[in-house]
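Take 162 as the starting number for the sequence shown in the numbering used here and just add one per residue.
Ideal Cβ positions, reconstructed from N, Cα and C, are used throughout, including at glycine.
The block underneath contains the structure these notes are about, expressed in structure tokens.
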Amino acid sequence: MSRPFKIEIAESEEELKKRLQTARLGNQREKLQMLWWLKSGQVKEQQELGKRLGTDTSTVTRWLQKYRLGGLSRLLEIKKAPGANRKINDDAIAALKLELETGKGFSSYGAIVEWLDKEHGLDIEYGTVYVWVRYRCLCKTKSTASSKLQAG
Numbered sequence: 162m163s164r165p166f167k168i169e170i171a172e173s174e175e176e177l178k179k180r181l182q183t184a185r186l187g188n189q190r191e192k193l194q195m196l197w198w199l200k201s202g203q204v205k206e207q208q209e210l211g212k213r214l215g216t217d218t219s220t221v222t223r224w225l226q227k228y229r230l231g232g233l234s235r236l237l238e239i240k241k242a243p244g245a246n247r248k249i250n251d252d253a254i255a256a257l258k259l260e261l262e263t264g265k266g267f268s269s270y271g272a273i274v275e276w277l278d279k280e281h282g283l284d285i286e287y288g289t290v291y292v293w294v295r296y297r298c299l300c301k302t303k304s305t306a307s308s309k310l311q312a313g
């Protein structure tokens, strides 16, 4: 039999129960459930917590360590990965939107690729430019707009 561990839980049993009921993410629910079981005295050993939660005892240890160091906010903190850097910077996007809206426009997406390389020194693939212009800027090239006018 393992030795019982000691941890001081600052939140009341009622507060933990209320937060458990309103928690949206499964990971946060498990952590709140763990604290509620400890506070209510239902569980006294880490191995029992691991079995009830369906997680390894090392995970329980890591969660408890986070709680000891920073409280409930640190335990429930969600870290988000920063993601990749954008290929087209904000200045180039603003200039591109302005160029597309002024009426001069571009004859094709290939012309936009060349313009970005010449004006902003950005070596960007055709497909990337197409997605940015067509779906993110919600603009079209001159040739697309004029061909629809001629057809209609």
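- The shortest C-alpha to C-alpha distance from LYS301 to any of LYS240, LEU257, HIS281 and GLU280 is the one to LEU257.
- Residues of the same chain with a CB within less than 6 angstroms of the CB of LEU261, apart from the 5 flanking positions on each side, are CYS300 in chain order.
- In this structure, ARG190 keeps its C-beta atom at 8 angstroms or more from the C-beta atom of VAL204.
- Taking C-beta separations shorter than 8 angstroms and ignoring five residues to either side along the sequence, the partners of GLU286 in its chain run VAL274, following chain order.
- Annotation for TYR270: the continuous alpha helix (DSSP H) segment containing it runs 270–281.
- If you draw a 10 Å sphere on the C-beta of PHE267, you find 16 or more other C-beta atoms in it, and that means buried.
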